[in-house]
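S.K.:
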Amino acid sequence: MRRIREGMVSPRLAATLLVALTLAAWGAVPWGTFHFDDYHNLVLDRSARESAALRERMVERIRPLLRLSYAFDYRLWGMTPKGFLATNLALHVVTVTGVWLLARRRLASEFGALIAAGVFALQPANAEVVAYVSGRSTGLMAALLVWGLVCHETAHARHGSIRSAWRAASLGLCVAACLAKEVALIFPALLALWEWTRHDACGRREDSLCFREQDRVRATANRPGPETRQTLLAAIFVACVVLAALFTIPRYRELAAFSLGLRSPLASLATNARAVPVMLSLWTRPWALSVDHTFGASGTPAEIATGAALIAALVAAAIAVRRRAPIAT
């Protein structure tokens, strides 16, 4: 642990530790079973077993990449939960690795990056994504979005056609994520937030990981410029094109109408604000872990205010320490 804290551990070893930690926490997932919506979405759905039904589903129904992943698993494992859940676990490992790479780019501490990714890996609420086959839509989308950000960040350290290729890969992963779950249309907002929080980490302290001269040069090159703004505009354009394409499919229009009829955007925001303290409390309530955590959509104004206050406090704390060395150094 001391070697990690002092930055004397290699990135390869840090990645190995992170994957081992993730597997230690979630390694029993493949020995689970189907639950709830799994039967309607997968077991009784012909598209996972029949090519003709899959082709129809890919064109006329929602989330084609998700359906394709189910069909791929069925051809590998048959209709057994172990194979589908193993894929969910693999997607989580991929996402955790991407989060770690992003954390290494932002934090001046190898140990801090490892802690950040470790917290993400162990977040109990992830049970709904990892241990629930129907949670695949979120898990697949998250993996693609995180690695889309990784590609975007990698492009900053490249030049010429190589930079363009990485940025194209980032946008391509955004499109793929939208085909797994339409919520991925927020990718341009994630890019904007990532760029807005970018700063030169090399001025923090002499013993930071960024103090090496080559990293100082790279950080200077990483500052947002015209190309970054062009990338953000390109991401917005791609998201708009994907949104327009999705709305040509009747099932997506039905889904949008149903969602808006069920709850207004403001009510959905309030519900999600109330969910934050509930999900975070799972760290101290292991007996409450579930593949479908009990959570009522409606809540009292006090509950909603508590969630909103917690979010505001976390954001304020992040802004306050943004230009300081990370706590875990």
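Everything in the sequence shown is counted per numbering that gives the first Met the number 0, starting at 0 for the first residue and increasing by one.
All C-beta atoms in this analysis are idealised placements derived from N, C-alpha and C, irrespective of residue type, glycine included.
Please read all numbers here as calculations on a predicted model, not as lab measurements.
Just to check my reading of the structure: V241 and L184 have Cβ atoms closer than 8 Å, yes? What is that Cβ distance to the nearest angstrom?
M.R.: Yes, V241 and L184 are in contact; Cβ-Cβ is about 7 Å, under 8 Å.
S.K.: Return the residue from the list G171, C177, L281 and V275 that minimises the CA-CA distance to A233.
M.R.: Nearest C-alpha to A233: G171.
S.K.: Spatial neighbours of G138 within its chain, please: CB distance less than 8 Å, with the 5 preceding and 5 following residues excluded, ordered by chain position.
M.R.: The answer, listed in chain order, is N87, L90, H91, T94, V128 and V129.
S.K.: Would L20 and G117 qualify as a contact pair, given that the criterion is a beta-carbon distance under 7 Å?
M.R.: Yes; because the gap between Cβ atoms is below 7 Å, this pair is in contact.
S.K.: Determine, using beta carbons only, whether A175 and W165 come nearer to each other than 7 Å.
M.R.: Against a cut-off of 7 Å, the Cβ pair of W165 and A175 comes out as no contact.
S.K.: Quick test of your reading: A126 and V18, contact by CB under 8 Å. State the CB separation rounded to the nearest angstrom.
M.R.: Contact flag wrong, Cβ pair sits at about 19 Å.
S.K.: May I ask you to report which of helix, strand or coil DSSP gives A248?
M.R.: Going by the sequence as given, residue 248 is Ile instead of Ala. Coil at I248, not helix or strand.
S.K.: Secondary structure at Q229, three-state DSSP: helix, strand or coil?
M.R.: Q229 falls in the helix class under three-state DSSP.
S.K.: Going along the chain, which residues of its own chain have a beta-carbon closer than 6 Å to the beta-carbon of A238, five neighbours each way excluded?
M.R.: Excluding residues within five positions, the ones whose Cβ falls inside 6 Å are L184 and P187.
S.K.: Quick check: the Cα distance between P123 and A274, rounded to an integer number of angstroms?
M.R.: Rounded to whole angstroms, P123 to A274 spans 13 Å at the Cα level.
S.K.: When the Cα of I248 is compared with those of A70, T79, I61 and A115, which residue comes out closest?
M.R.: It is I61.
S.K.: When the Cα atoms are used, what is the spatial distance from A308 to N271?
M.R.: Between A308 and N271, the C-alpha separation is close to 13 Å.
S.K.: With H, G and I counted as helix, E and B as strand and the rest as coil, what does DSSP make of A191?
M.R.: Helix at A191.
S.K.: Look at the alpha carbon of L252 and the alpha carbon of S258, and state the distance between them as a whole number of angstroms.
M.R.: The residue asked about is misnamed: residue 252 is Arg in this sequence, not Leu. Cα to Cα, the separation comes out at about 10 Å.
S.K.: Just to confirm, is the Cβ distance from G31 to L84 under 7 Å?
M.R.: Their beta carbons are under 7 Å apart, which means G31 touches L84 by this criterion.
S.K.: Determine the burial state of Y131: buried for a count of at least 16 other Cβ atoms within 10 Å of its Cβ, exposed for fewer.
M.R.: Classification for Y131: buried.
S.K.: How close, in whole Å, do the beta carbons of E152 and R104 come, if the pair is a contact with beta carbons under 8 Å?
M.R.: So it is a contact: roughly 5 Å between Cβ atoms.
S.K.: I need the straight-line Cα distance from Q213 to A107, nearest angstrom please.
M.R.: Bear in mind that the predicted position of Q213 carries a pLDDT of just 47, short of 50, making it unreliable; the figure below should be weighed with that in mind. Their backbone Cα atoms lie some 14 Å apart in a straight line.
S.K.: Report whether the distance from the Cβ of L268 to the nearest heavy atom of the ligand GDP is below 6 Å.
M.R.: As far as ligands go, the structure on display features none, and thus does not contain the ligand GDP.
S.K.: Give the single residue among I310, S9, L101 and L281 whose Cα lies nearest to the Cα of L121.
M.R.: The residue with the shortest Cα to Cα distance from L121 is L281.
S.K.: Would you kindly work out how many angstroms separate the C-alpha atoms of L268 and P300, rounded to a whole number?
M.R.: Those two C-alpha atoms are separated by around 13 Å.
S.K.: Can you check whether the CB of Y73 is closer than 7 Å to the CB of R48?
M.R.: Contact: yes.
S.K.: Taking L245 as the reference, give the member of V277, L178 and P264 with the closest Cα.
M.R.: Among V277, L178 and P264, the Cα nearest to that of L245 belongs to L178.
S.K.: Kindly give me the distance between the Cβ atoms of L43 and Y69, rounded to whole angstroms, as I take these residues to be in contact under 8 Å.
M.R.: In fact, because the Cβ distance is near 12 Å, the residues do not count as touching under 8 Å.
S.K.: Could you pull out every residue in the same chain whose Cβ sits closer than 7 Å to the Cβ of D37, ignoring the five residues on either side in sequence?
M.R.: Cβ neighbours of D37 beyond the five flanking positions: V132 and S133.
S.K.: Are there 16 or more other CB atoms within 10 angstroms of the CB of F71, so buried, or fewer, so exposed?
M.R.: Exposed: under 16 other Cβ atoms inside 10 Å.
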